[in-house]
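Accompanying notes for the structure given below.
Protein chains in written order, with my numbering: chain A, 6 to 258; chain B, 763 to 1090.
Next comes the structure, spelled out in structure tokens:
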């Protein structure tokens, strides 16, 4: 079965970034921040590439919603093996309001034919974990989230989900939306040939208006500093004192 | 209006402890908004028999929808039923737990009723009749103070970040007939329980986490022994290095690309404390670190530390804690 897949990706700061912002700011300072494809979106891309390889050469498209700069994110995905890219270009920043983002993506997906839409389970910046299932609800399609692996059958997809206390196998009718977590899908490295080829692959740009965010950031703060800890002691001799402290002072045993 | 709805999670017909926490928060917030707290419990036949407990945590009304189609969690069905309840009553806020189910369900409900969602909120208050939440972003490296420009506001609350109140009163239980949607295209086929107990790291009240200092997956029995000595409610966690090496499953990973946790007690054993790990566990109440390297960054966030070899310290720690629990 030939299955075309579209993967929605987001450009986010590298997870090793030390985030900085000034007092009263609502966004982080962009200077010195290295941007990457959100790690979970990479799992989704790898899953799409393998689906295409296992099937009969279905097309893999990557799509992102973001400013002009997001083109580099798409080129990186093309270099890894995606066939085509779509930039849904918006003016200004993508906000924390996932529903605003989901509405624009759903409107675009509505016009396309892919039977399978993949997302990373969450974005590495705002950690909201919501756009994938929102898009599914807006499109009226079934969705499995937090998926570690899947198998495509005749007009169905069977997914293994990571849930509390174990894993669940769930079957969805296609067309469907699936969000990926870390599983078997570590993204391959882009080869030199892939990087060269990426420059010639189609990258379509479409302009869209992002609705005003209705979840607003009023202020950013650094996480509260933890009070100075103490080294109870060295080696096994320190254990009784640690246990006494945990029981009598911290009251946690 | 000002009424707040708490979505109460159940598993196998039992109300999960996190539901009591969500109801507790709903009651506090409803007070600030000038309304009352309601709870919504969905499940199979007989699930409502336990619903009275939700009242004692502050729900004035507990709405119970019993239907064979609601016995297990089916996302499309649950989302449709909840969206209908929310729309027909007109709540100011709807609170979920940020569990696997809550994180899957809340976005669907938000999309169906066209309301903004703040996920994994760790602090919630009312300020002059409006809701203000705080939620970690960038894996916990920054805290965002957020407000809502629409009603209802939808939120999911990080388990263990709020706690529960004692007895508040008796709730009024109202059974309703849930409108089960037709043509659901999602089928739950199978469930396989993970080894090593059923409590998930994101919900556990105590976590024993291991890092590269454990030297290999074959030494995890030392951590499992400590886990069982600490009793039920204790989960195993792992650093990213250990998961990347294939020693432990990703479901156990704590940190920016894993789970963000806030247990009462967190043991970091043989974990040096990479920035992305610290981001995921720094809101824990009490942190204990065991590491050979006195300069390891983990000691900067730990409340108590032992500098030493985990292979020597762990058996003794397990024995001492087991003895303590036996005495009671």
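Even for Gly, the Cβ is constructed at its ideal location relative to N, Cα and C.
Judging by CA-CA distance, which residue of 253(A), 256(A), 16(A), 12(A) is the nearest neighbour of residue 131(A)? 16(A)
Residue 1030(B) beta carbon less than 8 Å from that of residue 1049(B): Cβ atoms of residue 1049(B) and residue 1030(B): closer than 8 Å.
Can you list the residues of chain B that residue 212(A) reaches, using a CB-CB cut of under 9 Å? The contacting residues do not exist; residue 212(A) stays about 23 Å from chain B at best.
Residue 875(B) in three-state terms, based on DSSP: helix
When the Cα of residue 226(A) is compared with those of 31(A), 143(A), 19(A), which residue comes out closest? It is 31(A) whose Cα lies nearest to the Cα of residue 226(A).
Since residue 1103(B) and residue 844(B) are thought to touch, with beta carbons under 8 Å apart, how far apart are those beta carbons, to the nearest angstrom? The question about residue 1103(B) has no answer, for chain B in this structure spans 763 to 1090.
What does the Cβ neighbour count give for residue 27(A), buried or exposed, with the cut at 16 atoms within 10 Å? exposed
Could you name the residues that DSSP lists as bridge partners for residue 885(B)? Note: residue 885(B) sits in a beta bridge opposite 896(B).
Just to confirm the assignment: which complete alpha helix (DSSP H) runs, minimum length 4, are found wholly within the segment 157 to 233 of chain A? The segment 157 to 233 of chain A contains these whole alpha helix (DSSP H) runs: 197 to 203.
Does residue 1126(B) get closer than 8 Å to chain A when you measure Cβ to Cβ? Within the shown structure, residues of chain B are numbered from 763 to 1090, placing residue 1126(B) beyond reach of any answer.
Strictly below 7 Å CB to CB, what residues from chain A border residue 948(B)? 147, 175, 177
Would you list, in chain order, the members of the segment 920 to 942 of chain B that have their beta-carbon closer than 9 Å to a beta-carbon of chain A? none
Check the Cβ-Cβ distances between residue 88(A) and every residue of chain B, and say whether any is below 8 Å. no
Report the neighbours of residue 167(A) on chain B: residues whose CB is nearer than 8 Å to its CB, in chain order. 862, 1012, 1013
With DSSP collapsed to three states, give me the class of residue 952(B). In the structure shown, the three-state DSSP call for residue 952(B) is strand.
Output, in sequence order along the chain, the residues in the segment 217 to 230 of chain A whose CB is closer than 7 Å to any CB in chain B. So the list reads 219, 220, 221, 222, 223, 224, 225, 226, 227, 228, given in the order they occur along the chain.
When burial is assigned at 16 or more other CB atoms within 10 Å of the CB, is residue 1043(B) buried or exposed? By the 16-neighbour rule on beta-carbons within 10 angstroms, residue 1043(B) is buried.
State whether the segment 148 to 167 of chain A contacts the segment 861 to 878 of chain B, with contact taken as three or more CB pairs (one from each stretch) at a distance under 8 Å. yes
Do residue 1111(B) and residue 766(B) have their C-beta atoms within less than 8 Å of each other? Shown here, chain B extends from 763 to 1090; a query on residue 1111(B) therefore has no answer.
Just to confirm my understanding: we take residue 1016(B), look at its own chain, exclude 5 residues before and 5 after, and list those with CB closer than 8 Å. What are they? Same-chain partners within the cutoff: 963, 969, 971, 999, 1000, 1001, 1022, 1023, 1039, 1042, 1043.
So does residue 220(A) have its beta carbon nearer than 7 Å to some heavy atom of the ligand GTP? As far as ligands go, the structure on display features none, and thus does not contain the ligand GTP.
Own chain, CB closer than 8 Å to residue 934(B), minus 5 neighbours either side, in chain order: 817, 822, 823, 824
Does residue 1091(B) get closer than 8 Å to chain A when you measure Cβ to Cβ? No statement about residue 1091(B) is possible, as the shown extent of chain B runs from 763 to 1090 and does not include it.
Output yes or no for whether 8 Å exceeds the beta carbon distance between residue 1034(B) and residue 973(B). yes
Name the chain A residues whose beta carbon is nearer than 8 Å to that of residue 908(B)? 101, 220, 221, 222, 223
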